[in-house]
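Residue numbers (my numbering): 288 to 400.
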């Protein structure tokens, strides 16, 4: 399984409502209807979405089997959310992947589409 890990220190990440490919208008990797409901703790495991979003000091995201060339866009009620992509195409267990990665290699979008 290929995994991509994202973390965000942006306070707006707590209200993230959707994640999608900036290059594709169809479908979302993850979404939620109510940004006022707290994100689940990362210890709860993953959901059935292509990407799982949780809170463990930082907002953390693990996406499974993304297509090559995907440009992830993270959005909340106020627009785009900054993030760091700390791993790409990693073959590992999802459980602790975000916590074990420290160095950043790319940064998320600064403005919405």
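Even for Gly, the Cβ is constructed at its ideal location relative to N, Cα and C.
Rounded to whole angstroms, residue 295 and residue 307 show a C-alpha spacing of 16 angstroms. Counting along the chain, residue 360 sits inside the beta strand (DSSP E) bounded by residues 359-363.
In the structure shown, the three-state DSSP call for residue 336 is coil. Just measuring C-alpha positions, the residue of 341, 322, 290, 311 sitting nearest residue 364 is 322.
Measuring C-alpha to C-alpha distances from residue 330 to each of 320, 324, 336, 342 identifies 342 as the nearest. In this chain, the beta strand (DSSP E) harbouring residue 291 covers 290-295.
In the displayed model, residue 328 falls within a strand according to three-state DSSP. From the listed residues 320, 367, 324, 361, the smallest Cα separation to residue 338 is found for 361.
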